[in-house]
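Asker: The numbering of the sequence shown is our numbering, which starts it at 355 and goes up by one. C-beta: ideal position from N, C-alpha, C; glycine also. Take this structure, written in structure tokens, and hold onto it; I'll ask about it next.
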Amino acid sequence: MNTSIQQTALITGASRGIGRAIAKNLADRGIFVYLNFRSDDTGARNTLNDIHYQNGHGELLRFDVTRQNQCNDAVAFVIKQRGRLDILVNNAGIRDDHLFAMMKKPAWETVLDTHLNGFYHLTRPVVRQMIKQRFGRIINISSAAGQVGNAGQVNYSTAKAGIIGATRALAKEIASRGITVNAVAPGFIHTDMVAGLDLENIKKQIPAGRLGHPEEVAHVVGFLCSEQAGYVNGQVLGVNGGLI
Ligand SMILES: NC(=O)c1ccc[n+]([C@@H]2O[C@H](COP(=O)([O-])OP(=O)(O)OC[C@H]3O[C@@H](n4cnc5c(N)ncnc54)[C@H](OP(=O)(O)O)[C@@H]3O)[C@@H](O)[C@H]2O)c1
């Protein structure tokens, strides 16, 4: 692509945690960032304030990735405003852990809905635009749980493994259009998502002896978004302190 044009990115779940760190990393690279969130208005504003403080540029974009109409409208809005969409980071996520024998249907459905239907709802209209542009970077945030499975997280592990399959298949479909599709699979990262877990016990299982920082995940996403990563496609990059 013409690198004199300021690139545009859409990051889902950018109100806190890993999504916030990704948004700040991409804004630092001079990219205009649309910060999606679902409900945490204050968190999203804090992310945007951080970006402005770094002299970056961005805008809030509230929608729910489980709602197809909202996703279609959001992509149309971005393209109307900016004329293009270069980078999509599918980061929004939830967990609802139960032993499988105790797992009720809503816990199964909401986790799959957020991760898998969320991927479909947003990525499909974005891909159509990226094919027209003949350029794009799609990064899907999976998890170590999707690579090796995690007890108490059959729903979450299923969703995150599905994201890896989607990443590999879509990369093969659209590589010839100048679009890369990769997944990043974090291990345990210090965010709200791990609140309530037995972190002291978890640390003992991590060869690095500590949890990761959101910025360490963001750095890998930033690399995958770069021009230099154009031949990295259909891959799953672990950021897990040697966990797997
Ligand atoms: N933390 C970890 O150890 C870890 C490990 C592996 C993978 N991951 C993955 O990394 C991603 C980010 O996790 P995190 O730890 O940063 O989580 P987090 O701190 O709980 O943040 C989750 C984000 O997702 C957003 N979100 C949730 N449901 C949404 C929906 N339906 N529509 C739009 N946004 C929605 C939330 O928005 P609101 O704030 O507005 O609700 C929030 O911004 C997730 O996909 C997670 O599965 C995390």
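1) Ligand 2 and N587: does any heavy atom of the ligand fall closer than 7 Å to the residue's C-beta?
2) Please name the residue, chosen from I556, A520 and L565, that lies closest to L470 on a Cα-to-Cα basis.
3) Can you say whether G384 is buried or exposed, counting buried as having 16 or more other CB atoms within 10 angstroms of its CB?
4) Return the first residue and the last residue of the beta strand (DSSP E) that P561 is part of.
5) Going along the chain, which residues of its own chain have a beta-carbon closer than 6 Å to the beta-carbon of I495, five neighbours each way excluded?
6) For the alpha helix (DSSP H) containing L380, name the first residue and the last one.
7) By a C-beta neighbour count over all protein chains shown, 10 Å radius and 16 as the cutoff for buried, is S393 buried or exposed?
8) Is the number of C-beta pairs between the stretch 565 to 573 and the stretch 392 to 406 that are closer than 8 Å three or more?
9) With H, G and I counted as helix, E and B as strand and the rest as coil, what does DSSP make of V535?
10) Using 8 Å as the threshold, is the C-beta distance between A461 and N403 below it?
11) Please report how far the alpha carbon of I533 lies from the alpha carbon of F489, in whole angstroms.
12) I need the DSSP call for V387, collapsed to helix, strand or coil.
13) Can you tell me where the alpha helix (DSSP H) holding V524 begins and where it ends?
14) Starting from the Cα of K526, find the closest Cα among D450, V586, N555 and D552 and give me that residue.
15) How many Å lie between G503 and Q435 at the Cα?
16) Mind checking whether the beta-carbon of P460 lies closer than 7 Å to any heavy atom of ligand 1?
17) Should F489 be listed as close to ligand 1, given that the test is whether its C-beta is under 7 Å from any heavy atom?
Answerer: In short:
1) Within the structure as shown, ligand 2 is missing, the only ligands being ligand 1.
2) A520
3) exposed
4) Element bounds for P561: n/a, residue is neither H nor E.
5) N445 and V538
6) Per DSSP, the unbroken alpha helix (DSSP H) holding L380 starts and ends at G371 to D382.
7) exposed
8) no
9) strand
10) no
11) 5 Å
12) strand
13) Residue identity check: residue 524 is Leu in the sequence provided, not Val. Taken as a continuous stretch (DSSP letters only), the alpha helix (DSSP H) holding L524 covers V508 to I528.
14) V586
15) 41 Å
16) no
17) no
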